[in-house]
Structure formats: C-alpha cells, structure tokens
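> For the record, the sequence lines run as chains V and D. Going by the working numbering, the residue at position 76 of the first sequence is 289; the numbering climbs one at a time, nothing skipped. Going by the working numbering, the residue at position 26 of the second sequence is 239; the numbering climbs one at a time, nothing skipped. Note that the Cβ used here is the ideal one computed from N, Cα and C, for glycine as well. Sending over a structure as structure tokens; questions will come in a sec.
2 protein chains.
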Amino acid sequence: MTTESPVRETVRAYYEARFTGDVPSAAALIGDDFLFRSPFITSDSPEGHLDGLDGLLGVIDRVELISELYGEGDATLVYDIHTVPAVGITQRTAEHFRLQGGRIAAITLIFDSAPWQAIMAAAGPTPA
Amino acid sequence: MTTESPVRETVRAYYEARFTGDVPSAAALIGDDFLFRSPFITSDSPEGHLDGLDGLLGVIDRVELISELYGEGDATLVYDIHTVPAVGITQRTAEHFRLQGGRIAAITLIFDSAPWQAIMAAAGPTPA
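Encoded structure:
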C-alpha cells in the first residue's frame, strides 16, 4: 500500500502542504468540483476549508501519522494531532480523499469535535 | 483494494457480525491483546466494546459503506451510520483496524460525539 501511485503522490503532497501551511500548494491539488466536509466546515471552494489553517497550525505540537491506505480512486489517512499543552487535546483524525482525474474531488475529515466545543464554549462564540 | 486478502476477510467478517448484532462471531475475530478506543469507550476485552451494541442497533436505520481500504496489517473503513428519524443523526465514522496473526489487535473508532453528547445531555446522565 506504500508503493508509488498517483493517488498516494497527490494525497501525500496535499498532506505535507497543509501541515506546513502552504495553502497555494494544497489548493493546487484540488479539482474543479470539490466538496470538503468536517464537523465544523462544509465548503466547495479549493481554499475555503483552509481559512483557519494558521490558527490550527499555531496550536499543533506534532502530527503523528498512524495509517495511510490508498485505493485506485480514494485514500484514507489516520493520524493523531497532538496540540500544545495549553490546549491539551489529542485529536484522533481520519481523512478520506476521493480523487478524480488526478486531483482531489472530495475530502471528509472525521474527528470528535466535543473537546473543541468545550474549549470554544469557554472562549466565547462558536464558529457558524 | 477489493481483491481477497486475509485482512479484508477478517475485517469484513467483523463488520458484518457487529452490524447484525452477532457479538460471539465478532468477538471470535479479536486477538488476545486487544485495544478498542472510541470517543466514549476504551476497552481491552474482546466483548467490552460491544456491550451497548443492542441499543445502538435499535436506533440505526442503515449503514452506508463509503470506503474500505486494506493494507498488509491494517485497514480503514469509512461509513455513514444513518439513525432513525427520532434520533436524526448521520454519524460519519472511520474505523481503523490493526491486525496481528490473523486476528484484530486494535480498533480505533473515530466519529464526532458532539451530536450524541447533546442528546445524552437532554436525556440524563452521560456514560462514564
């Protein structure tokens, strides 16, 4: 599953670009028809789901990749996002990618939003 | 990725047994050293994480398998659990399996617990 494949190449490039904050490189891998879904965001623009990226990267201590599995037209990464001690959340995350014509057509990000809801409730208004 | 493999066979058998409520068949696929983790449960017994299964099955309308990807020693399923209208939750779920010696050594279930927290808060005391 870790042999070279176009799906792997695209997904890994996106993953690296995003976690280094390189929004243009990440967005360049997104296809024309695109749908992003997470517990907090639904977006169909190539960059819309990356709007809050700087804030997230600011509280990430490290990202621990646990599994990467690639099919012919989709892929799923499983990773733990370890946040800085001040936040104190280890966010178990699964990210499912669907690809079409060599670019990313859909991303579904799955994680438990409950710990973040508690932090946001304490901090003030929650995002829409 | 959908060709026959021992990993696929074991994971699919577990998935089918669990969603038909066949706890003994599901538990028989679990290895001696086992760890289950979800937003609500951490358990190392082969059946402990299946204790509330009947209750869950009682509110499931249907399970929609979105992706199944298999590696040499692990697998990830992505599926939507559509609950009955009275509950009204579509639970996007990722389930990561690690296998050892032909049996399941670890399951990490990832989903957003926030909608359930809201329902449980309305219903009464939450589980530990």
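Is DSSP giving glutamate 308 (chain V) helix, strand or coil here?
Here the question's residue 308 (chain V) lines up with position 95 in the first sequence. Note: glutamate 308 (chain V) maps to strand in three-state DSSP.
> For isoleucine 165 (chain D), collect the residues of the same chain with a Cβ closer than 6 Å to its Cβ; drop the 5 residues on either side in sequence, then sort them by chain order.
Not covered by the structure: residue 165 (chain D). The range shown for chain D is 214 to 341.
> For a contact meaning CB atoms closer than 8 Å, what does threonine 306 (chain D) contact in chain V?
Walking along the second sequence from the start, residue 306 (chain D) turns up at place 93. Ordered by position in chain V, the residues that pass the 8 Å Cβ test against threonine 306 (chain D) are Ile323.
> Exposed or buried, glutamate 308 (chain V), counting other C-beta atoms within 10 Å across all chains shown (16 or more means buried)?
Taking the first residue of the first sequence as position 1, residue 308 (chain V) is located at position 95. With 16 or more other Cβ atoms within 10 Å, it is buried.
> What does aspartate 287 (chain D) touch in chain V if you count any residue whose Cβ is under 8 Å from its own?
Translated into the one-based positions of the second sequence, residue 287 (chain D) becomes position 74. Within chain V, the residues near aspartate 287 (chain D) are Ser280 and Leu282.
> Roughly how many angstroms separate the alpha carbons of methionine 333 (chain V) and leucine 312 (chain V), rounded to a whole number?
Against the first sequence, residue 333 (chain V) aligns to sequence position 120. Against the first sequence, residue 312 (chain V) aligns to sequence position 99. Distance between the alpha carbons of methionine 333 (chain V) and leucine 312 (chain V) is about 33 Å.
> Taking 7 Å as the threshold (C-beta atoms), are glycine 271 (chain V) and isoleucine 317 (chain V) in contact?
Along the first sequence, one-based indexing puts residue 317 (chain V) at 104. Along the first sequence, one-based indexing puts residue 271 (chain V) at 58. Their beta carbons are not under 7 Å apart, which means isoleucine 317 (chain V) does not touch glycine 271 (chain V) by this criterion.
> Taking only beta-carbon positions, decide if glutamine 313 (chain D) is within less than 7 Å of chain V.
In the second sequence, counting from the first residue as 1, residue 313 (chain D) sits at position 100. Not closer than 7 Å to any Cβ of chain V, the Cβ of glutamine 313 (chain D) fails to qualify, so no.
> Quick one, which of D:Ser258, D:Phe232, D:Tyr292 and D:Gly337 has its alpha-carbon nearest alanine 319 (chain D)'s?
As a position in the second sequence, residue 319 (chain D) is number 106, starting the count at 1. When each option's Cα is compared against that of alanine 319 (chain D), the closest is D:Ser258.
> Near threonine 303 (chain D), what residues of its chain come up, given a Cβ to Cβ distance below 8 Å and the 5 sequence neighbours on each side ignored?
On the second sequence, position 90 is the one that residue 303 (chain D) refers to. The residues are Asp293, Ile294, His295 and Thr296.
> Only counting the same chain, and skipping five residues up and downstream in sequence, which positions put a Cβ closer than 6 Å to that of arginine 250 (chain V)?
As a working mapping, residue 250 (chain V) is identified with position 37 in the first sequence. So the qualifying residues of the chain are Thr321.
> Please report the Cβ distance between valine 236 (chain D) and glutamate 285 (chain D), rounded to the nearest whole angstrom; I am assuming they are in contact, meaning their Cβ atoms lie under 8 Å.
Here the question's residue 236 (chain D) lines up with position 23 in the second sequence. Here the question's residue 285 (chain D) lines up with position 72 in the second sequence. So it is not a contact: roughly 28 Å between Cβ atoms.
> If I follow the unbroken alpha helix (DSSP H) through valine 268 (chain D), where does it start and stop?
For this step, residue 268 (chain D) is matched to residue 55 along the second sequence. According to the sequence provided, residue 268 (chain D) is glycine. The question's valine does not apply to it. That run of the alpha helix (DSSP H) goes 266 to 272.
> When burial is assigned at 16 or more other CB atoms within 10 Å of the CB, is aspartate 325 (chain D) buried or exposed?
As a first step, residue 325 (chain D) must be located in the second sequence, where it is residue number 112. Answer is buried; the Cβ neighbour count reaches 16.
> Give the interface partners of serine 326 (chain D) over in chain V, defined as CB-CB distance under 7 Å, in chain order.
In the second sequence, the residue the question calls residue 326 (chain D) occupies position 113. In chain order: Asp325 and Ala327.
> Once the 5 residues before and after isoleucine 273 (chain D) are set aside, which same chain residues still bring their CB inside 8 Å of it?
Taking the second sequence and counting its residues from 1, the one referred to as residue 273 (chain D) is at position 60. Within the same chain, isoleucine 273 (chain D) has close Cβ partners Phe232, Ile294, His295, Thr296 and Val297.
> Select from the segment 234 to 261 of chain V all residues with a C-beta closer than 7 Å to any C-beta belonging to chain D, and list them in chain order.
So the close ones are Pro252.
> Going by other Cβ atoms of all chains shown within 10 Å of its Cβ, with 16 needed for buried, is alanine 331 (chain V) buried or exposed?
In the first sequence, the residue the question calls residue 331 (chain V) occupies position 118. Counting Cβ neighbours within 10 Å, alanine 331 (chain V) comes out exposed, since fewer than 16 surround it.
> To the nearest angstrom, how far is the alpha carbon of glycine 315 (chain D) from that of glutamate 260 (chain D)?
Mapped onto the second sequence, residue 315 (chain D) falls at position 102. Mapped onto the second sequence, residue 260 (chain D) falls at position 47. Taking the straight line joining both Cα atoms gives about 18 Å.
> Within 10 angstroms of its Cβ, does arginine 305 (chain D) collect 16 or more other Cβ (buried), or is it exposed?
Position 92 of the second sequence holds residue 305 (chain D). Buried, because 16 or more other Cβ atoms sit within 10 Å of the Cβ of arginine 305 (chain D).
> What would DSSP say about glutamate 260 (chain D), mapped onto helix, strand or coil?
The count along the second sequence starts at 1 and reaches residue 260 (chain D) at position 47. Here glutamate 260 (chain D) sits in coil by DSSP.
> I'd like to know whether the C-beta of methionine 214 (chain D) is nearer than 7 Å to at least one C-beta of chain V.
Counting from 1 along the second sequence, the entry for residue 214 (chain D) is found at position 1. Low confidence applies here, because methionine 214 (chain D) scores a pLDDT of 49, under 50, leaving its location unreliable and the question unanswered by this model.
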